[in-house]
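Q:
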Amino acid sequence: MTATESTDVLIIGSGFGGSIAAYHLAAGGAKVTVLERGPWLSAKDFDHDFLLGSSYTRAFDFVAGDGMSVLGGNCVGGGSVVYFAALPRAPRFVFEKQGSIGRRVWPGAVNRDTLDPWYDRVSEVMPVTQQDWNDVTYAGGLWAAACNHSGRTANPVPVGVDATRCTNCNWMMAGCRFDAKQSLLLNYLPAALSHGAEIRPLHEVQKLSRTEDGRYRVHYNLIDEVDYRVSTGSGEIDAKIVVMAAGSAATPPILQRSEETLGAMPHAVGRYFSGNGERLNTAIIDEERAAELLGLRRPNGKAYEANQIGKGPVVACWDFLDASLPEYSRFSMEQLYFPPGLGTVLAQVPDATGPTWFGKEKKEILKRWQSWLTVFLMTEDDNEGVFGPPPPTGNAFRISQQMLGRGTLRYDPTPNTLRGWAAADAEVKEILEKDGLAKVMPWTNDVVGAYTVHPLSSCRIGDDPATSALDDRHELRGHPGIFVTDGSAVPTALTVNPALTIAALAERAIPGIVDAARERGVDVTYGAPLPKAVGSSVARPAA
Amino acid sequence: MEPGSDEDRTATLEAFADTIVPGVKRFPGDRAIAGVVDDPGAVEAGALELLADPASGVAAGLAPLSQALNGHARAYAERAGLVLDDGVPPFVALDYDHRAALVAELTAPGHPERDGWILLAMFSNMAFDIAPHRHTAEAIAEGHPGLLAIGFAEPNTDGLWRFPDFSYGREFAKRHPNTTESGSPE
Numbered sequence: 001m002t003a004t005e006s007t008d009v010l011i012i013g014s015g016f017g018g019s020i021a022a023y024h025l026a027a028g029g030a031k032v033t034v035l036e037r038g039p040w041l042s043a044k045d046f047d048h049d050f051l052l053g054s055s056y057t058r059a060f061d062f063v064a065g066d067g068m069s070v071l072g073g074n075c076v077g078g079g080s081v082v083y084f085a086a087l088p089r090a091p092r093f094v095f096e097k098q099g100s101i102g103r104r105v106w107p108g109a110v111n112r113d114t115l116d117p118w119y120d121r122v123s124e125v126m127p128v129t130q131q132d133w134n135d136v137t138y139a140g141g142l143w144a145a146a147c148n149h150s151g152r153t154a155n156p157v158p159v160g161v162d163a164t165r166c167t168n169c170n171w172m173m174a175g176c177r178f179d180a181k182q183s184l185l186l187n188y189l190p191a192a193l194s195h196g197a198e199i200r201p202l203h204e205v206q207k208l209s210r211t212e213d214g215r216y217r218v219h220y221n222l223i224d225e226v227d228y229r230v231s232t233g234s235g236e237i238d239a240k241i242v243v244m245a246a247g248s249a250a251t252p253p254i255l256q257r258s259e260e261t262l263g264a265m266p267h268a269v270g271r272y273f274s275g276n277g278e279r280l281n282t283a284i285i286d287e288e289r290a291a292e293l294l295g296l297r298r299p300n301g302k303a304y305e306a307n308q309i310g311k312g313p314v315v316a317c318w319d320f321l322d323a324s325l326p327e328y329s330r331f332s333m334e335q336l337y338f339p340p341g342l343g344t345v346l347a348q349v350p351d352a353t354g355p356t357w358f359g360k361e362k363k364e365i366l367k368r369w370q371s372w373l374t375v376f377l378m379t380e381d382d383n384e385g386v387f388g389p390p391p392p393t394g395n396a397f398r399i400s401q402q403m404l405g406r407g408t409l410r411y412d413p414t415p416n417t418l419r420g421w422a423a424a425d426a427e428v429k430e431i432l433e434k435d436g437l438a439k440v441m442p443w444t445n446d447v448v449g450a451y452t453v454h455p456l457s458s459c460r461i462g463d464d465p466a467t468s469a470l471d472d473r474h475e476l477r478g479h480p481g482i483f484v485t486d487g488s489a490v491p492t493a494l495t496v497n498p499a500l501t502i503a504a505l506a507e508r509a510i511p512g513i514v515d516a517a518r519e520r521g522v523d524v525t526y527g528a529p530l531p532k533a534v535g536s537s538v539a540r541p542a543a
Numbered sequence: 544m545e546p547g548s549d550e551d552r553t554a555t556l557e558a559f560a561d562t563i564v565p566g567v568k569r570f571p572g573d574r575a576i577a578g579v580v581d582d583p584g585a586v587e588a589g590a591l592e593l594l595a596d597p598a599s600g601v602a603a604g605l606a607p608l609s610q611a612l613n614g615h616a617r618a619y620a621e622r623a624g625l626v627l628d629d630g631v632p633p634f635v636a637l638d639y640d641h642r643a644a645l646v647a648e649l650t651a652p653g654h655p656e657r658d659g660w661i662l663l664a665m666f667s668n669m670a671f672d673i674a675p676h677r678h679t680a681e682a683i684a685e686g687h688p689g690l691l692a693i694g695f696a697e698p699n700t701d702g703l704w705r706f707p708d709f710s711y712g713r714e715f716a717k718r719h720p721n722t723t724e725s726g727s728p729e
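Going down the list, the sequences are from chains Z and G. All letters in the first sequence, in the order written, are residues 1 to 543 by the working numbering. All letters in the second sequence, in the order written, are residues 544 to 729 by the working numbering.
1. Closer than 7 Å by C-beta to glycine 702 of chain G: which residues in its own chain qualify, once you throw out the five before and the five after it? Chain order, please.
2. Using C-beta distances below 7 Å, list every residue in its chain close to arginine 518 of chain Z, excluding the 5 sequence neighbours before and after it, in chain order.
3. Which chain Z residues are close to arginine 569 of chain G, counting only those with a beta carbon under 7 Å from its beta carbon?
4. Taking buried to mean at least 16 other C-beta atoms within 10 Å of its own C-beta, is alanine 324 of chain Z buried or exposed?
5. Return the CA-CA distance between arginine 508 of chain Z and tryptophan 118 of chain Z, expressed in angstroms with no decimal places.
6. Among Z:Ile254, Z:Thr417 and Z:Asp319, which residue has its Cα nearest to the Cα of valine 242 of chain Z?
7. Out of Z:Val534, Z:Leu530, Z:Met403 and Z:Trp357, which one is the CA nearest neighbour of leucine 25 of chain Z?
8. Near proline 190 of chain Z, what residues of its chain come up, given a Cβ to Cβ distance below 6 Å and the 5 sequence neighbours on each side ignored?
9. Need the endpoints of the beta strand (DSSP E) that proline 698 of chain G sits in, please.
10. Can you list, in chain order, the stretches of the alpha helix (DSSP H) that have 4 or more residues and sit fully within the segment 475-543 of chain Z?
11. State whether the segment 147-160 of chain Z contacts the segment 58-78 of chain Z, with contact taken as three or more CB pairs (one from each stretch) at a distance under 8 Å.
12. With a cut-off of 8 Å on the beta carbons, I'd call serine 274 of chain Z and glycine 102 of chain Z a contact; round off their distance for me.
13. For arginine 112 of chain Z, count the other beta carbons within 10 Å of its own beta carbon; 16 or more makes it buried, fewer makes it exposed. Which is it?
14. Between proline 688 of chain G and chain Z, is there a C-beta pair that is closer than 7 Å?
15. Hey, how far is the Cα of alanine 647 of chain G from the Cα of phenylalanine 93 of chain Z?
16. Let me confirm a value: threonine 7 of chain Z is counted as buried when at least 16 other C-beta atoms fall within 10 Å, else exposed. Which label applies?
17. Kindly indicate the opening and closing residues of the beta strand (DSSP E) around glutamate 225 of chain Z.
18. What residues from chain G crowd round valine 345 of chain Z, counting only those whose CB sits closer than 7 Å?
19. Do the segment 255-266 of chain Z and the segment 200-220 of chain Z meet, that is, are 3 or more Cβ pairs less than 8 Å apart?
20. Near proline 565 of chain G, which residues of its chain fall below 6 Å by C-beta distance, leaving aside the five closest residues on each side in sequence?
21. Show which residues of chain G have a CB atom less than 7 Å away from the CB atom of asparagine 134 of chain Z.
22. What are the partner residues of leucine 61 of chain Z, as DSSP defines its beta bridges?
23. Is there at least one Cβ from chain Z nearer than 7 Å to isoleucine 683 of chain G's Cβ?
24. Grouping DSSP H, G and I as helix and E and B as strand, with all else coil, what is threonine 114 of chain Z?
25. Across which residues does DSSP place glutamine 335 of chain Z in a beta bridge pair?
26. In three-state terms, what does DSSP make of arginine 279 of chain Z?
27. Where does cysteine 166 of chain Z sit, in a helix, a strand or coil, going by DSSP?
28. Excluding the 5 residues flanking glutamate 656 of chain G on each side, which residues of the same chain have their C-beta closer than 8 Å to its C-beta?
29. Let me know the secondary structure DSSP gives glutamine 256 of chain Z once reduced to three states.
30. Glycine 487 of chain Z and leucine 456 of chain Z - do their beta-carbons sit closer together than 7 Å?
31. So is phenylalanine 559 of chain G in contact with chain Z if we call contact Cβ pairs under 7 Å?
32. If I follow the unbroken alpha helix (DSSP H) through aspartate 640 of chain G, where does it start and stop?
33. With 16 other CB atoms within 10 Å as the buried threshold, where does phenylalanine 358 of chain Z fall?
34. Does DSSP put valine 81 of chain Z in a helix, a strand or coil?
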C-alpha cells in the first residue's frame, strides 16, 4: 500500500488568501501544494462570449441560497480573475464597529493604522493605480456629474487595471483577455510557482481529518473539466499546516464537514456571514436631460448611451463614509457595470402597472439598456447569514454543468440592515432623479434573495471566542495549524470593495503561519521580497 | 393537443417563456405566444433550445414542470372563475395578464415550488438577453432578437470587443476632502 502524499503546507483555494500564502511560504523554503477546485485559465482562455461553457461560466460560481445568493470566483486566481479590480482601503471607522455584539468586532490589534503597512505591500504588488479623469469611463463620468449636480463629491476609485492595455470592453468578469486587469495570475501566483509551489486545478477539497502523527489529512475530489457536477476521482494529501482560502461561501462547508473527524468547530464557523451590505440600483437615463442638465456629449453626438463601455466601477461617492454617522447608516455609492443576463433579470420597472421584473414593461426598459446606469451600494449589514448543514460535496448542490448551484446559506436582514438599505436607495434615487435626469429602481430581492459579489465574515477573526472563529493571527480556534486567510476571515462589512482588505489581512497573517510551520519542523523563513509583476498571466505548465 | 404530449409540453413551456419576455405571434393562430407586443421575445430568442441544453441542467425537469404548471393553471382558472378552452393546455388557454399573474404567484417568496419556476424564468430571460446557447458574435450577426433589442454593440472583426472612445475626459466633481494620498477614503 502506497503512503499518502504529503506536503509541508496545504493551501485550499488560489484567490487572494491562497496565493499570498503560497508565495510567501514557498519563497521561504516550504513545500507548498495548492488545491483549487476551479480550472486553470489564462489570458487566451478568457472569452468575449455568453455561450454556456465560455470563461464566464467556467470561472464563475453563482450559488442561490435562502434569502441570499453569492457570486464568486472558481478558477486558479479565484476572485481576482473575475473581480472588477476596485482596490480602495477600508475607512478607519469600519474597524471600530460594534455591530450587534455590543463590543468591538474587529480584534484590538487590527485597525486602519496597523493595517496600512500591509495595504502598502499589496498596493505595491498588484499594483494599485490611482485614476485620473481621462481614465474615467462615460458611465463613471455621468455618475460623477450627477453627484456634483446634487452637491456631492465623487472620486475616481483606485484600481488594479493597467490603463495602457485596457480596451474598456467591459468583459472583465469573464477574465481579462488583454491582461490589463491585475489578477493574481500576474504577480503572486507566478512568483509562487517560481519558488516551487504546486497548483492543482479541478481539485475540490471536501473535508479534513487527522493523521496518526498529528498532521492534517486533506480529502479532495477531482472535478470534470466541463461538467462540474461530475467527480472523476478522489485523493488525500497530508500536511503539517493547512491554509484555508476557499472563499467565504466555501470555507465554512469544508469545516462543517470536518467536525466529524476533527471535533467541534468554533460557534462562529458558518455564522455571521456578511454580504458586505450590498445591493444594486438601476437608473434609466433620460438622454436629453443628461445633455441639457450636465452638458454631456460624446463625439458621436449622443449624450451617453454608453452602458456597455468601460472597465467596471470607476467612480464612487464617499460622502456617507462619515465616522460621525451612527453604525448601519454609512455606505458608499459606486457606479458599476453588470453584463446582461444576471445584470438585467433583477432590474425592476419604474412605475410598473404589472409585474416589475418580467413581462411587457420589463421588455420596454430592456430596449433602453445602453442608457442604463447601474449604481452599487455597499452598506453596513448585521452579519445575519448562517450556513445550514453542508451539501454532500462542495459548497452547493450544482444545478447546471457550470456556475449555477443551490446552497445552504440562509440570510434574513435585520431592521438595521433594512434601514441602511432604504437610506442608501433613497440617496441614489435623490441624486439620479433630480431634475428628471433618470428613473431609478433597486434590483428586486424577491427572485434570488439578496445578492453579493463580496461574501465575508463566515469564519471571522476576533478577540471574543463566542463570536469569532479565528484569533487575530487567523488560526482556527481549537484547531492549531489550520489558518483561514480568505474573505471569510474579515469580521464585518467594509462599506467599500473588499479585495485589498482581504489581501492586506492575508499578508499580515503570514508571519504567524511561518512561525506555526517552523514549530512543526518545517524549514521555512519569512522575509522574501514582494513579487514582481510578469507580462502575461501565468498558464498551466505543460504536463 | 394530446395532454402530456410533446406538443403539449412545448406549447406550455413556450407560453411560460413568452410570459417572461413576451413576443409577437409567429403565425396567425399561434396560441403559445400571447402576442401582446409586436417584436420577438424569449421564444423566438431560443428559450426552449436553451432549456433543453444539457449544459443548463434543467432538461430532466421540463416534463414535470410543464405538468405542474398546467395543474396550477387549472386551479387558478377555478379560483378566478374562468372557463378554459380545452383544445390547448390550461396554461396556454390563459390570456397574457392571467399568465403573468400566475407566474408572479409561483415565483413569489415563500412559494414552496419557487425554485423550479425561478430557474425557468431566469433561463427564459437569459435566452433573450444574452443567447447563452450561441456564440455571442454569431448570434449578433444572425440578428438575435434579444441582443439586437438591448442594443448590444457588435464586436471588432476578430470577435473581440474594444471601445477606444470611452471617456468624456473631463473633471466632473471634486474628490472627497478626506481622500488619502493613496486615493482611498480616510
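For glycine and all other residues, C-beta sits at the position ideal for the given N, C-alpha and C. A quick note: this is a predicted structure, and the numbers were derived from the prediction, not measured.
A: Checking against the coordinates, here is how it stands:
1. Ala680
2. Val524
3. Neighbours of arginine 569 of chain G on chain Z: none; closest Cβ ~17 Å, over 7 Å.
4. Looking at the sequence provided, one finds serine at residue 324 of chain Z rather than alanine. Serine 324 of chain Z should be labelled exposed.
5. 6 Å
6. Z:Ile254
7. Z:Leu530
8. Val534 and Val538
9. Premise fails: proline 698 of chain G is in no beta strand (DSSP E) and is neither H nor E.
10. 499-519
11. Counting Cβ pairs under 8 Å, fewer than three are found: no touch.
12. Going by Cβ atoms, the distance from serine 274 of chain Z to glycine 102 of chain Z rounds to 17 Å, so no, they are not a contact pair.
13. buried
14. no
15. 42 Å
16. buried
17. First-last for glutamate 225 of chain Z: undefined, no H or E at that position.
18. Met665 and Asn668
19. yes
20. The answer, listed in chain order, is Val579, Val580 and Gly584.
21. Ser710 and Gly712
22. Looking at the sequence itself, residue 61 of chain Z is aspartate, so the reference to leucine does not match. DSSP output for aspartate 61 of chain Z lists Z:Gly72 as bridge partner(s).
23. no
24. helix
25. Beta-bridge pairing by DSSP links glutamine 335 of chain Z to Z:Val375.
26. strand
27. Correct three-state label for cysteine 166 of chain Z: coil.
28. Ala611 and Leu649
29. helix
30. yes
31. no
32. 639-649
33. Counting every other CB atom within 10 Å of its CB across the protein chains shown gives phenylalanine 358 of chain Z a total of 16 or more, marking it as buried.
34. In the structure shown, valine 81 of chain Z adopts helical secondary structure according to DSSP, grouped into three states.
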